[in-house]
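K.L.:
So that we are looking at the same thing, I have put the structure below in structure tokens.
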Amino acid sequence: MILLRCFLLVTFSLGFVTANPTFKPSTFPKKTTICTAIKRSPIEEKVNITLGYVELNPRAPTTLLMVHGWPSLWSTWSYQIQEFQDDYHLIVPDLRGFAESTHPGDVRASGTMADMVGDLVCILKSANVQSAICMGHDWGSQICFEAARMRPDIFTAVIGAVIPYMPAAGPFVPIKDLTTLLPALTYQIYFDSRTEDAVLELDNDVRRTIRATLRTVDSPPPDEFLKSNTSYLSAWSTIPEARCPIYLTGCQTDDIQIPPVPFFTPEEEDYFVEQFSLQGFKNTLQFYTTENRHQSWEIDHRQGNFTISQPVLAIYPSEDPVANWELVAKLLKSSEFTPQLTTEVTKGAHWVHLEHSNIFNMLVRAWLSKKSLLNPSRDEL
């Protein structure tokens, strides 16, 4: 803990030591498309939602679709965009409920994995794309796995970062039954059982929420972060050096000043805050509600096709404070349902594609090449 406190102080002083100064998210134009969605409460009805995405290099023969997780945006793929934009047609969306992408409005039951897959298919159709490689991080990884499982006619391969494939072959398991083994999932109980309270806490200071969540191995969160079922951010109050300095105008003694996101420039962090302030966090908590989770499991379980036959690359970080995902994958028997699986474990915490982007990109590029999925850049044609 002493080392943690020291590093937090150093990080706060040094600022954005590992950020990407060449990436400026506000300069990328977004396209939008209108997609049909289902709003399931209070009565089931079809509605239209507007989904935003960034599109690059549309002339490339192969499409790489990049899908973010929580709390995230299209721009967290900055290093991968720069790495692959000359080789692939890139489509990088903001998921429903994030930034300018709208939501049916029913956070508890209108954000299933099947809903998300439908959104991706709609975006690809809007971009005149018939097939794509799906690369996801965090919840985006699960969405990509489900996309490949549900629509093998469209999704030709999967790259899943951090979260393994979770086959629905067994019974539904509520999140509360997993927290004994994985205590850092306890925050998900809070998001599910006290959603309105969680939204108020997250929305109260968007920058603080973002900074608390997007950390690295060298600039970690407190040990108790994510382990409360009554608050998301309270663990940061255990770090005295992270408290608001008394010399700041308007400082309150209970304010917690969290260091900047280590892998963001000030511009990137400002962009994140701006984009999350558009709608707040309410509809982004769709991933955590029992209704959405159970419906996702039920759809998969009834369909019965649990195997993903396409090539799969799973990249797990070695020091994610949330879980040992390589071990979780073994417990889930993910490999039994992904016969073309390649697994890589690399150093890093949860945001491994940002924290160690060079290693991450190298692993992805090598795998794409091995599987003959790597396109030559347009300059080489």
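Per mature numbering (1 follows the signal peptide of the UniProt record, and there is no 0): the sequence shown = residues -19 to -1, 1 to 362.
Backbone N, C-alpha and C fix where the C-beta goes; we use that ideal spot for every residue, glycine too.
1) Determine, using beta-carbon pairs with one atom in the segment 85 to 97 and one in the segment 275 to 289, whether at least three such pairs fall under 8 Å.
2) Could you give the uninterrupted runs of the beta strand (DSSP E) lying entirely in the segment 27 to 60, keeping only those of 3 residues or more?
3) Find out if the Cβ-Cβ distance for the pair Ala129, Phe136 is shorter than 8 Å.
4) Leaving aside the five residues before and after Lys208 along the sequence, list all residues of the same chain whose C-beta is less than 8 Å from its C-beta, in chain order.
5) Taking only runs that begin and end inside the segment 103 to 183, name each unbroken alpha helix (DSSP H) of 4 or more residues, in chain order.
6) Taking buried to mean at least 16 other C-beta atoms within 10 Å of its own C-beta, is Glu25 buried or exposed?
7) On the three-state DSSP scale, how would you describe Ile19?
8) Just the C-alpha distance for Cys155 and Thr271, rounded to the nearest angstrom, thanks.
9) Measure the CB-CB distance between Ile30 and Ala41 and report whether it falls below 8 Å.
10) What number of angstroms, rounded off, separates the C-alpha of Ala(-1) from the C-alpha of His282?
11) What is the rounded straight-line gap between the Cα of residue 376 and the Cα of Ala108?
12) Confirm, please, whether the CB-CB distance from Glu177 to Tyr213 is below 8 Å.
13) Am I right that Val293 and Gln321 are in contact with their C-beta atoms under 8 Å? What's the rounded C-beta distance?
14) Determine the closest residue to Ser56 out of Thr13, Ser7, Thr43, with distance taken between C-alpha atoms.
15) Would you identify the three-state DSSP class for Ile289, choosing helix, strand or coil?
16) His282 lies in the alpha helix (DSSP H); which residues open and close that run?
17) Does the beta-carbon distance from Ile104 to Leu32 come in below 8 Å?
18) Three Cβ pairs or more, each shorter than 8 Å: is that satisfied between the segment 183 to 200 and the segment 306 to 313?
19) When DSSP labels each residue in this structure, what does Tyr228 get in the three-state scheme?
20) Since Thr327 is in the alpha helix (DSSP H), which residue starts that stretch and which ends it?
21) Comparing alpha-carbon positions, which option in Gln284, Phe253, Lys20 lies nearest His84?
22) Could you pull the start and end residues of the beta strand (DSSP E) that Val73 belongs to?
23) Use the C-beta contact count for Asp134: other C-beta atoms within 10 angstroms, 16 or more gives buried, fewer gives exposed.
24) For Gln66 and Ile15, what's the separation of their Cα atoms in angstroms?
25) So the candidates are Pro74, Phe287, Trp58, Gly329; which of them puts its Cα closest to the Cα of Met147?
26) Does the separation of the CB atoms of Pro152 and Ser200 fall below 8 Å?
27) Helix, strand or coil for Leu308 per DSSP?
28) Which of helix, strand or coil does DSSP assign to Ile24?
29) Do Leu71 and Ile62 count as a contact pair if the criterion is CB distance below 8 Å?
30) Mark Gln111 as exposed unless 16 or more other C-beta atoms lie within 10 angstroms of its C-beta, in which case mark it buried.
31) Kindly indicate the opening and closing residues of the alpha helix (DSSP H) around Ser350.
32) Mapping DSSP to helix, strand and coil, what is Thr197?
33) Tell me which residues share the same chain as Asp158 and place their Cβ nearer than 6 Å to its Cβ, disregarding the 5 neighbours each side in the sequence.
34) Where do the ends of the alpha helix (DSSP H) carrying Leu259 lie?
P.N.:
Here's the rundown:
1) yes
2) 44 to 48
3) yes
4) Pro164, Ala165, Thr167, Tyr168, Ala216
5) 120 to 131, 167 to 174
6) exposed
7) strand
8) The identity of residue 155 in the sequence shown is Pro, whereas the question assumes Cys. The straight-line gap from Cα to Cα measures roughly 7 Å.
9) no
10) 42 Å
11) Nothing about residue 376 can be reported from this structure: the residues present for the chain run from -19 to 362 only.
12) no
13) 6 Å
14) Ser7
15) coil
16) 271 to 284
17) yes
18) no
19) With a pLDDT of 36 at Tyr228, under the threshold of 50, the modelled position of this residue cannot be trusted; read the value that follows with caution. Reduced to three states, the DSSP call for Tyr228 is coil.
20) Thr327 -> not in any alpha helix (DSSP H); beta strand (DSSP E) instead, spanning 322 to 327.
21) Lys20
22) 70 to 74
23) exposed
24) 25 Å
25) Phe287
26) no
27) helix
28) coil
29) yes
30) exposed
31) 338 to 351
32) coil
33) none
34) 247 to 260
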